[in-house]
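Listed in order, the protein sequences are those of chains A and B.
Here the numbering used here is used: the first residue of the first sequence is 12, the next is one more, and so on.
Here the numbering used here is used: the first residue of the second sequence is 9, the next is one more, and so on.
Every residue gets a Cβ at the ideal spot worked out from N, C-alpha and C, and that includes glycine.
All figures in this text were calculated on a predicted structure; none of them were measured in a lab.
For reference, the structure discussed in these notes is given below.
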Amino acid sequence: MTTAARTRLDAARTALGSACGEVTDGTPADAVDGVPVGLVARPASTPEVAEVLRAAAVYGLVVVPRGHGTKMSWGRPPEQADLVLDLSRMSAVLDHAAGDLIVDTQAGAPLAEVQRTVAGAGQRLALDEPVAGSTIGGMLATNTSGPGRMAVGTARDLLIGVTVVRADGVVAKAGGRVVKNVAGYDLGKLVIGSYGTLAVVTQAVFRLHPVPVARRVVNVSADSPDDAQRLVQQVVHAQLVPAAVEVDWPGTGGGTVGVLLEGTEAGVEGRTAATIALLGGDAAAADGLPSGWGRLPWDEDPTTGRATALKATFALSGLSRVLEAGRAAAAAAAVPLRLRGSGGAGVLHGSLPADTDVAAVREVVTRLREACAVAGGALVVLDGPPEVKAGVDTWGPVPALDLMRRVKEQFDPERRLAPGRFVGGI
Amino acid sequence: MSGMHGTETTAGPVEGHVPPEATSATGEPGANSAGMAAVGRVAREVMPVTGVIADPTQLRTYECDGLAHYRVTPALVVLPETTEQLAAVVRACSEHGVPFVARGSGTGLSGGSLPRADGVLIVTSRMRTIREIRRADQRAVVDPGVINLDVTRAATPEGYYYAPDPSSQQICSIGGNLAENSGGAHCLKYGFTSNHVLGTELVTPQGDIVTLGGLAPDAPGYDLLGTVVGSEGTLGIATTATVRLVRLPEEVRTLLAGFASTDEAGAATSAIISAGVLPAAIEMMDALAIEAAEAAVHCNYPAGAGAVLVIELDGPSAEVEHEYAQVERICQDHGAFELRLAIDAAERALIWKGRKSAFAAVGRISPDYIVQDGVIPRTALPEVLRAIAELSSSSGVRVANVFHAGDGNLHPLVLFDDAKPGAGDAAEKVSGAILDLCISHGGAITGEHGVGVDKAAYMPKMFTDDDLDTMQLVRCAFDPGNISNPGKIFPTPRLCGEVPGKRKHAHPLVEAGLADAF
Numbered sequence: 012m013t014t015a016a017r018t019r020l021d022a023a024r025t026a027l028g029s030a031c032g033e034v035t036d037g038t039p040a041d042a043v044d045g046v047p048v049g050l051v052a053r054p055a056s057t058p059e060v061a062e063v064l065r066a067a068a069v070y071g072l073v074v075v076p077r078g079h080g081t082k083m084s085w086g087r088p089p090e091q092a093d094l095v096l097d098l099s100r101m102s103a104v105l106d107h108a109a110g111d112l113i114v115d116t117q118a119g120a121p122l123a124e125v126q127r128t129v130a131g132a133g134q135r136l137a138l139d140e141p142v143a144g145s146t147i148g149g150m151l152a153t154n155t156s157g158p159g160r161m162a163v164g165t166a167r168d169l170l171i172g173v174t175v176v177r178a179d180g181v182v183a184k185a186g187g188r189v190v191k192n193v194a195g196y197d198l199g200k201l202v203i204g205s206y207g208t209l210a211v212v213t214q215a216v217f218r219l220h221p222v223p224v225a226r227r228v229v230n231v232s233a234d235s236p237d238d239a240q241r242l243v244q245q246v247v248h249a250q251l252v253p254a255a256v257e258v259d260w261p262g263t264g265g266g267t268v269g270v271l272l273e274g275t276e277a278g279v280e281g282r283t284a285a286t287i288a289l290l291g292g293d294a295a296a297a298d299g300l301p302s303g304w305g306r307l308p309w310d311e312d313p314t315t316g317r318a319t320a321l322k323a324t325f326a327l328s329g330l331s332r333v334l335e336a337g338r339a340a341a342a343a344a345a346v347p348l349r350l351r352g353s354g355g356a357g358v359l360h361g362s363l364p365a366d367t368d369v370a371a372v373r374e375v376v377t378r379l380r381e382a383c384a385v386a387g388g389a390l391v392v393l394d395g396p397p398e399v400k401a402g403v404d405t406w407g408p409v410p411a412l413d414l415m416r417r418v419k420e421q422f423d424p425e426r427r428l429a430p431g432r433f434v435g436g437i
Numbered sequence: 009m010s011g012m013h014g015t016e017t018t019a020g021p022v023e024g025h026v027p028p029e030a031t032s033a034t035g036e037p038g039a040n041s042a043g044m045a046a047v048g049r050v051a052r053e054v055m056p057v058t059g060v061i062a063d064p065t066q067l068r069t070y071e072c073d074g075l076a077h078y079r080v081t082p083a084l085v086v087l088p089e090t091t092e093q094l095a096a097v098v099r100a101c102s103e104h105g106v107p108f109v110a111r112g113s114g115t116g117l118s119g120g121s122l123p124r125a126d127g128v129l130i131v132t133s134r135m136r137t138i139r140e141i142r143r144a145d146q147r148a149v150v151d152p153g154v155i156n157l158d159v160t161r162a163a164t165p166e167g168y169y170y171a172p173d174p175s176s177q178q179i180c181s182i183g184g185n186l187a188e189n190s191g192g193a194h195c196l197k198y199g200f201t202s203n204h205v206l207g208t209e210l211v212t213p214q215g216d217i218v219t220l221g222g223l224a225p226d227a228p229g230y231d232l233l234g235t236v237v238g239s240e241g242t243l244g245i246a247t248t249a250t251v252r253l254v255r256l257p258e259e260v261r262t263l264l265a266g267f268a269s270t271d272e273a274g275a276a277t278s279a280i281i282s283a284g285v286l287p288a289a290i291e292m293m294d295a296l297a298i299e300a301a302e303a304a305v306h307c308n309y310p311a312g313a314g315a316v317l318v319i320e321l322d323g324p325s326a327e328v329e330h331e332y333a334q335v336e337r338i339c340q341d342h343g344a345f346e347l348r349l350a351i352d353a354a355e356r357a358l359i360w361k362g363r364k365s366a367f368a369a370v371g372r373i374s375p376d377y378i379v380q381d382g383v384i385p386r387t388a389l390p391e392v393l394r395a396i397a398e399l400s401s402s403s404g405v406r407v408a409n410v411f412h413a414g415d416g417n418l419h420p421l422v423l424f425d426d427a428k429p430g431a432g433d434a435a436e437k438v439s440g441a442i443l444d445l446c447i448s449h450g451g452a453i454t455g456e457h458g459v460g461v462d463k464a465a466y467m468p469k470m471f472t473d474d475d476l477d478t479m480q481l482v483r484c485a486f487d488p489g490n491i492s493n494p495g496k497i498f499p500t501p502r503l504c505g506e507v508p509g510k511r512k513h514a515h516p517l518v519e520a521g522l523a524d525a526f
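Given below as structure tokens:
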């Protein structure tokens, strides 16, 4: 850090301290994807976040928002990280209106805590937690999803109200506390998956769902990518309304298709039998979820260090193409590639071992990206070791990038919120 | 009333003028006539002669949408047949600073496609091709002018349908649905237009054609699509929509339950939801609405009911059977005196006919009426309904209630006779007071009809200046010239500063040519 930068931080510290009380020096553990952090501020309320951001604006600090910091290396490294805005003190689940099936929560609340709160009334926030320990804000910023997305969708389908603080410290909200509302622009959708580059989310209101009484999984083996696609197509075109249709595709051999059925005891029993009959082969029911269900494949990477984390999206009919391309690309690059995800929604996550050579990663990314594009989707490298991020086009082509840049310029004209972390250098 | 657009229209001999508060949304006739002439020339160059309307008499047929008491004659109407034609007109508008308003079938109920006297009305009704029904992908790709119900008709042979079902679905267009984020009776379970539109080709207010979203989910970058859907035509014009198709359910059961009062029906609604049942729809009508529907379509609802619920359950048979038993018991526990299960499609259609025709039917019991659209938390239903009843009795203005009870979306119909002096004003007052009730109960000023020109003045009651200012940052990113449906949604336009293209802060490495922008 230059002396000038140090002086600026020292000057900012006093202002930040009066803004929120808890300001500390950044430690090596705070580094954001290898980028050292000057200061960490831990505000306890939306007004404090606003004060902190106003102070940061005065001193021209680059700010990176953080929840529990479980996905700080996702995206690209920020150009700079003068200040980490840590929201973990804003962890209150503010209001669970059980009769209205909504929950109002601070952004620093752990998703698991929200689930515990609403479970008391037999309800759930129908969002999976693929990265354990995620906060609401972190989950929104990275738009994580799991098997359940097939039936109820993702955060964009469940977030009904949001409070954000802009880079200039202005507090704004959109949406509200009712499930149906078309008044004004839906800013919630805009901040979902924005990696903290537009505004800092401090509070969120979600629609809830009842917890189903019964759940059962039917697993069936798939010999080939075509077979996996055939099985997925069979089940999505049936009238069985699965809660999830997962595909697990290890590095070698065939894979598994898993169908989750949720509902009433009698209903699930009947639908399970119908699913087994429909899928044939070795289809069989299990009471518990199979091991690895909903887990991100890179969490199972046996090598030490950071695995390369991929997210592939495609139209449903592109499943076999993507599985095929993944296997062929991995074989050509001589690396194991595990793909796993929602065959029923068209999203697979993939993992390449931490020690994979950059050229091999690039080859897999290129070929898989081609297959996803043909199938109407995209391939994104969510995370990876520094060499991979330096040597691979991690976000890939992004349509409408110019419009996105214009949105960024309006919200954060000085590029002080996580600059460089998002698509196109945003 | 206009009478030309489907079932959900508002009445109004209050027509022929635009209330003063709305004039900022309408423009001055003859303003920027040189720009207008230039746009007209471009339109005639790129479109067949029948696609450009400048004749004053013909122009007048486009002077309003479904909210017929706001009327403005547009300076020019164009009916493009292709995205390129549409984009060429928008580009010309952008070059010459001429405002434009997009319109599908014109069934909107908030004046969202109210024309500008100084602008072009771009009508998408000639862009009516269903491009693809992709069964394997559970998607359809359609033009903006395609009628909502036609998507379902095209998908049904494949076992699929398009879930969002506004009451006007026989005539409203997908493009209009996208602009308004339209709901419908079945969005309780299946969500709104925003949950079902997964991609669009958008003509930006500069006339550029961009793709947002597509066949696959989670496109990288900001979810601009999610912001465009429901932006009421202020961020550009959608020229295709990629929509989700939903598998037809194995079983559908439609139940009609008669209650003595809306209190009991409201309590039953809350109890059903609290029990963990998620019906496809729960609709409520009160005595006055029932009376109107009965007179109009003879739907044979239970005699003497103070309220009815129409409850529809759908899904796998085994689940529906179980849920039906639960719902039946809950209705009985809450005082339902008659429960009627539709035994066939004809009976189901009759039950729904009563509900779906309710707005128009009210025209039979009152010469004029205002359709209100507000949302409250579902648990506040009994309290708010009582407050509406008090408002009605204290003001002497009759209010019929027809609404989506499951999600707390009220549609009070405020009845009046405009021939009586002061009656229109009194009705407006009651209608406004109902919105205040919604806001004070933590609700919203519109659940599905949109803000448009009608409710822009109410936005500051629901949102702070900072909220509205922040929303308009998006507007400034898309439309810094403020030409795409200007004057709608926001009571006060934000000045946007610089025009796009001139970027202040590119990535320094990109700027220096040292890095690719990825």
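Quick check on V461/B: does DSSP put it in helix, strand or coil? In the second sequence, the residue the question calls residue 461/B occupies position 453. The answer is coil: DSSP assigns V461/B none of H, G, I, E or B.
Exposed or buried, H306/B, counting other C-beta atoms within 10 Å across all chains shown (16 or more means buried)? For the purposes of this step, residue 306/B is taken as the residue at position 298 of the second sequence. So H306/B ends up on the exposed side.
CB contact below 8 Å: C72/B versus chain A: Counting from one through the second sequence, the residue named residue 72/B turns up at place 64. By this cut-off, C72/B is not an interface position.
S325/B, enclosing alpha helix (DSSP H) - first and last residue: For the purposes of this step, residue 325/B is taken as the residue at position 317 of the second sequence. It spans S325 to D341 - the alpha helix (DSSP H) in which S325/B sits, taken as one unbroken run.
Neighbourhood of D312/A by C-beta, 7 Å cutoff - its chain only, sequence neighbours within 5 removed: The count along the first sequence starts at 1 and reaches residue 312/A at position 301. Cβ neighbours of D312/A within its own chain (closer than 7 Å, five residues either side excluded): A318, S362, P364 and A365.
So, helix, strand or coil for K496/B, using DSSP? Taking the first residue of the second sequence as 1, we reach residue 496/B at position 488. In this structure, K496/B counts as coil in the three-state DSSP scheme.
When you compare the CB of G292/A with every CB in chain B, is at least one pair closer than 8 Å? Taking the first residue of the first sequence as position 1, residue 292/A is located at position 281. It does not: the Cβ of G292/A has no partner Cβ on chain B nearer than 8 Å.
DSSP state of M150/A, grouped into three classes? Locating residue 150/A in the first sequence gives position 139, counting from the first residue. M150/A: helix per DSSP, three-state reduction.
Identify, in the order they occur along the chain, each residue of the same chain with its Cβ nearer than 6 Å to the Cβ of W260/A, setting aside the five sequence neighbours on each side. As a first step, residue 260/A must be located in the first sequence, where it is residue number 249. So the qualifying residues of the chain are G266, L334 and L350.
Does the segment 271-283 of chain B come close enough to the segment 395-407 of chain B to have 3 or more Cβ pairs within less than 8 Å? no
So if DSSP puts T263/A in a beta bridge, which residue, or which two residues, is it bridged to? Residue numbering aside, residue 263/A sits at position 252 when the first sequence is read from its first letter. Paired residues: none, contrary to the question.
Straight-line Cα distance separating L96/A from D381/B: As a position in the second sequence, residue 381/B is number 373, starting the count at 1. As a position in the first sequence, residue 96/A is number 85, starting the count at 1. Those two C-alpha atoms are separated by around 40 Å.
Does the beta-carbon of E36/B have 16 or more other beta-carbons within 10 angstroms, so that it is buried, or is it exposed? Locating residue 36/B in the second sequence gives position 28, where the first residue counts as 1. Its Cβ having fewer than 16 others within 10 Å, E36/B is exposed.
Measuring straight from C-alpha to C-alpha, what distance separates T25/A and T38/A? Taking the first sequence and counting its residues from 1, one reaches residue 25/A at position 14. Taking the first sequence and counting its residues from 1, one reaches residue 38/A at position 27. Approximately 19 Å between the Cα atoms of the pair.
Which parts of the segment 421-468 of chain B are runs of the beta strand (DSSP E), unbroken and 3 residues or longer, counting only runs that do not cross its ends? none
In DSSP terms, what N417/B is bridged to: For the purposes of this step, residue 417/B is identified with residue 409 of the second sequence, where counting begins at 1. Bridge partners of N417/B: V383/B and H412/B.
Am I right that G119/A and L98/A are in contact with their C-beta atoms under 8 Å? What's the rounded C-beta distance? Walking along the first sequence from the start, residue 119/A turns up at place 108. Walking along the first sequence from the start, residue 98/A turns up at place 87. That belief holds up - the Cβ atoms of G119/A and L98/A are roughly 4 Å apart, short of 8 Å.
Helix, strand or coil for Y198/B? Go by DSSP, reduced to three states. Taking the second sequence and counting its residues from 1, the one referred to as residue 198/B is at position 190. In the structure shown, Y198/B sits in a helix (DSSP, three-state: H, G or I).
Could you tell me the boundaries of the alpha helix (DSSP H) in which T57/A lies? Numbered from 1 along the first sequence, position 46 holds the residue referred to as residue 57/A. Residues T57 to V69.
Compare the C-beta of C180/B against all C-beta atoms of chain A and say whether one is closer than 8 Å. On the second sequence, residue 180/B is found 172 positions in, with the first residue counted as 1. For C180/B, the nearest beta carbon of chain A is not closer than 8 Å to its own beta carbon.
Do C72/B and L122/B have their CB atoms nearer than 8 Å? As a working mapping, residue 72/B is identified with position 64 in the second sequence. As a working mapping, residue 122/B is identified with position 114 in the second sequence. Contact: yes.
Determine the burial state of R127/A: buried for a count of at least 16 other Cβ atoms within 10 Å of its Cβ, exposed for fewer. For the purposes of this step, residue 127/A is identified with residue 116 of the first sequence, where counting begins at 1. Its Cβ having fewer than 16 others within 10 Å, R127/A is exposed.
Helix, strand or coil for R252/B, going by three-state DSSP, please let me know. Locating residue 252/B in the second sequence gives position 244, where the first residue counts as 1. Three-state DSSP puts R252/B in a strand.
Chain B contacts made by the segment 71-90 of chain A, where a contact means CB separation under 9 Å: R87 and E90
Beta-carbon proximity of V54/B to A83/B, cut-off 8 Å: Here residue 54/B refers to the residue found at position 46 when the second sequence is read from its first residue. Here residue 83/B refers to the residue found at position 75 when the second sequence is read from its first residue. Contact: no.
Let me see if you follow: with CB-CB separation under 8 Å, is E327/B close to chain A or not? Counting from one through the second sequence, the residue named residue 327/B turns up at place 319. At least one chain A Cβ lies under 8 Å of E327/B.
First and last residue of the beta strand (DSSP E) that includes A295/A? Residue numbering aside, residue 295/A sits at position 284 when the first sequence is read from its first letter. Here the beta strand (DSSP E) through A295/A covers A295 to A297.
Residue-chain proximity (I497/B, chain A), Cβ-Cβ < 8 Å: Numbered from 1 along the second sequence, position 489 holds the residue referred to as residue 497/B. At least one chain A Cβ lies under 8 Å of I497/B.
R372/B, buried or exposed, once every other Cβ within 10 Å from all chains shown has been counted against 16: As a first step, residue 372/B is located in the second sequence; it is residue number 364 there, counting from the start. The residue is exposed, with fewer than 16 neighbouring Cβ atoms inside 10 Å.
Is the segment 223-243 of chain B touching the segment 474-491 of chain B, taking contact as three or more C-beta pairs under 8 Å? yes
DSSP-derived helix/strand/coil call for A162/B: Mapped onto the second sequence, residue 162/B falls at position 154. In this structure, A162/B counts as helix in the three-state DSSP scheme.
Should V403/A and R373/A be called a contact, given that it needs their Cβ atoms to be closer than 8 Å? Translated into the one-based positions of the first sequence, residue 403/A becomes position 392. Translated into the one-based positions of the first sequence, residue 373/A becomes position 362. Yes, the Cβ-Cβ distance between V403/A and R373/A is below 8 Å.
Tell me which residues of the segment 263-286 of chain B have at least one Cβ-Cβ distance to chain A shorter than 9 Å, keeping chain order. Going along the segment 263-286 of chain B in chain order, one finds S278, I281, S282, A283, G284, V285 and L286 with a Cβ nearer than 9 Å to chain A.
Taking Cβ positions only, does V379/B come closer than 8 Å to chain A? Your numbering for residue 379/B matches position 371 in the second sequence. So, not an interface residue.
Is the CB-CB distance between G164/A and R188/A below 8 Å? Numbered from 1 along the first sequence, position 153 holds the residue referred to as residue 164/A. Numbered from 1 along the first sequence, position 177 holds the residue referred to as residue 188/A. Going by C-beta atoms, G164/A is not nearer than 8 Å to R188/A.
Going along chain A, which residues have a C-beta under 7 Å from N189/B? Along the second sequence, one-based indexing puts residue 189/B at 181. The answer, in chain order, is V193.
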